[in-house]
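Basically the numbering used here = 1-based index in the sequence shown + 4.
We treat Cβ as the ideally placed atom computed from N, Cα and C, and that holds for glycine.
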Amino acid sequence: MATPKNIEIPDQAGRFAVVTGANSGIGLETSRRLAAAGAQVVLAVRNADKGRRAVQDIVTSHPGAKVSAEPLDVSSLGSVATFAAERTKHGRPIDLLINNAGIMAVPTRHTTADGFELQLGTNHLGHFALTARLLPLLRDAGSARVVTVSSTAHRIGRIDFDDLQAEHKYRRWRAYGQSKLANLLFALELQRVSVRGGWGVLSNAAHPGSTRTNLQSTGPNLGTASHGTGLMSRVMEIPGVSQASEQGALPTLFAATSPDAHGGAYYGPDGISELTGLPAPAHISRRARNVQTAEALWRVSEALTDVRFPA
Numbered sequence: 005m006a007t008p009k010n011i012e013i014p015d016q017a018g019r020f021a022v023v024t025g026a027n028s029g030i031g032l033e034t035s036r037r038l039a040a041a042g043a044q045v046v047l048a049v050r051n052a053d054k055g056r057r058a059v060q061d062i063v064t065s066h067p068g069a070k071v072s073a074e075p076l077d078v079s080s081l082g083s084v085a086t087f088a089a090e091r092t093k094h095g096r097p098i099d100l101l102i103n104n105a106g107i108m109a110v111p112t113r114h115t116t117a118d119g120f121e122l123q124l125g126t127n128h129l130g131h132f133a134l135t136a137r138l139l140p141l142l143r144d145a146g147s148a149r150v151v152t153v154s155s156t157a158h159r160i161g162r163i164d165f166d167d168l169q170a171e172h173k174y175r176r177w178r179a180y181g182q183s184k185l186a187n188l189l190f191a192l193e194l195q196r197v198s199v200r201g202g203w204g205v206l207s208n209a210a211h212p213g214s215t216r217t218n219l220q221s222t223g224p225n226l227g228t229a230s231h232g233t234g235l236m237s238r239v240m241e242i243p244g245v246s247q248a249s250e251q252g253a254l255p256t257l258f259a260a261t262s263p264d265a266h267g268g269a270y271y272g273p274d275g276i277s278e279l280t281g282l283p284a285p286a287h288i289s290r291r292a293r294n295v296q297t298a299e300a301l302w303r304v305s306e307a308l309t310d311v312r313f314p315a
C-alpha cells in the first residue's frame, strides 16, 4: 500500500459540527479529525451502540475531545424531524453539517420507512430534509458550511423523473448512481439558492475516491444470505486501487475546513481516475451541471419529503 498522505486541518476551536453516518469509515475519520482540531462534534448515527463505541474510539485517540453521539436514521423522515427538533431545542448554531451517511448497490429493491427507494431515500432525500430542517441553525452560525458526500458513481447516474423510485425497473448501480448524482445536484443548487437568498451558508461536495469502508459490504449484502466481503471488497484490497478511510476522509475535511475550499465546488482525490490521493477539484459531470435538472429535483424533493426551504 502507498504511504498515507495528509493535509493540515485549520483550528476548529469553538465550531460545532454534525456528521451523519459517523460511527465508522469516512464519517468516523472526519469526526475524529474535526474533534482533534478542537471542534465539538455530534456523531449522528442510526445504531446507538455503534455510536457509543465510536465516541469512545475518538476519545481514546484524542483525550479531551468534545464529541457525543445522537440518534439519527436518515432513511426515516420521522427520525430526521426528531433529530432536528432536538438540535433546535438546544439552540446551538451549527457551523458544519457533513451529509455523509449512505448505502450502496443494494441487490434488490428495498424501500425506506416512508416508501422511498432505499438508496435515493437514504443518500439524498433524508439529507435534503435534514439540511432544510437545520437551516435556521446553520444561518445562525454566520458562516456555516454544508458538505454533501457524493461519489464518482454520479457520472453513471441519471435523474429519471418518470421512475424516480425505480418501481418499474430496478438496477442496483443505476439506483446508486442516481442517488449520488442527486447528492451533487443538491449541493450545487444549495449554494446557488444560498447566494440568492443571502443565507451565508456555503455548500459544496466531496467524494472519497476508492476508499475501504463497510460501504462495500453493507449494501451489496443487504437481503442476501452472504456475509462475506464479496468481489468488490477483494478488489479494494489490491495495492494502488484503494486507500484507507483516514485518507478517504481528506476531501470531505478539505471541503469543510479549508480557506481554499469554495461554495459550489466538488473535491476528490488527485490521483489517477480520482481513486486515491490528496484533495483536489473533482470532475463534475454534464448532468450534475444541469441547473434545470437541479431545480426540478429540488421541487420534487420538497414535495416528496414535505419539507421546504425558505422561498
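If you draw a straight line from the C-alpha of residue i to the C-alpha of residue j, how long is it?
{"i": "residue 317", "j": "residue 71", "result": "Outside the shown range of the chain, which is 5 to 315, sits residue 317, and nothing can be said about it."}
{"i": "residue 167", "j": "residue 136", "result": "24 Å"}
{"i": "residue 141", "j": "residue 88", "result": "10 Å"}
{"i": "residue 5", "j": "residue 144", "result": "Only weak support exists for where residue 5 lies, its pLDDT of 37 falling under 50; the value from the coordinates is given anyway. If I take the Cα positions, the gap works out to 44 Å."}
{"i": "residue 253", "j": "residue 170", "result": "30 Å"}
{"i": "residue 43", "j": "residue 24", "result": "15 Å"}
{"i": "residue 138", "j": "residue 57", "result": "26 Å"}
{"i": "residue 213", "j": "residue 249", "result": "10 Å"}
{"i": "residue 73", "j": "residue 18", "result": "18 Å"}
{"i": "residue 314", "j": "residue 278", "result": "36 Å"}
{"i": "residue 162", "j": "residue 175", "result": "12 Å"}
{"i": "residue 149", "j": "residue 261", "result": "8 Å"}
{"i": "residue 147", "j": "residue 247", "result": "32 Å"}
{"i": "residue 30", "j": "residue 104", "result": "8 Å"}
{"i": "residue 299", "j": "residue 197", "result": "10 Å"}
{"i": "residue 303", "j": "residue 110", "result": "26 Å"}
{"i": "residue 274", "j": "residue 251", "result": "12 Å"}
If you count every other CB in all the chains shown that lies within 10 Å of the CB of residue i, and 16 or more means buried, which is it?
{"i": "residue 200", "result": "exposed"}
{"i": "residue 220", "result": "The predicted position of residue 220 is uncertain, since its pLDDT is 47 and thus under 50; no value can be drawn from it."}
{"i": "residue 190", "result": "buried"}
{"i": "residue 114", "result": "buried"}
{"i": "residue 116", "result": "buried"}
{"i": "residue 99", "result": "buried"}
{"i": "residue 290", "result": "exposed"}
{"i": "residue 216", "result": "buried"}
{"i": "residue 307", "result": "exposed"}
{"i": "residue 158", "result": "buried"}
{"i": "residue 106", "result": "buried"}
Can you give me the start and stop residues for the alpha helix (DSSP H) that residue i sits inside?
{"i": "residue 75", "result": "Unbroken run through residue 75 is the beta strand (DSSP E), 71–75; no alpha helix (DSSP H)."}
{"i": "residue 30", "result": "29–40"}
{"i": "residue 62", "result": "52–65"}
{"i": "residue 85", "result": "81–94"}
{"i": "residue 105", "result": "First-last for residue 105: undefined, no H or E at that position."}
{"i": "residue 297", "result": "295–309"}
{"i": "residue 255", "result": "254–261"}
I need the boundaries of the beta strand (DSSP E) containing residue i, first residue and last residue.
{"i": "residue 196", "result": "Premise fails: residue 196 lies in the alpha helix (DSSP H), 176–201, not in any beta strand (DSSP E)."}
{"i": "residue 141", "result": "It is not in any beta strand (DSSP E) - residue 141 instead sits in the alpha helix (DSSP H) that spans 130–144."}
{"i": "residue 152", "result": "148–153"}
Would you list the one or two residues that DSSP bridges to residue i?
{"i": "residue 121", "result": "115"}
{"i": "residue 208", "result": "151"}
{"i": "residue 21", "result": "45, 100"}
{"i": "residue 273", "result": "283"}
{"i": "residue 247", "result": "215"}
Please tell me whether residue i has its Cβ less than 9 Å away from any Cβ of chain C.
{"i": "residue 72", "result": "Of the protein chains in the structure, only one exists, and it is not chain C."}
Check whether the region 61–71 and the region 88–96 are in contact - that is, three or more C-beta pairs closer than 8 Å. no
At least 3 beta-carbon pairs within less than 8 Å: the region 116–124 vs the region 172–188: yes
Count the CB pairs spanning the region 9–16 and the region 46–53 that are closer than 8 Å, and state whether there are at least three. no
Assess contact between the region 248–264 and the region 33–45, defined as three or more Cβ pairs (one per stretch) separated by less than 8 Å. Is contact present? yes
Segment contact, 8 Å Cβ cut-off, at least three pairs: the region 150–158 with the region 79–86: no
Can we say the region 262–276 touches the region 191–211, given the rule of at least three CB pairs closer than 8 Å? yes
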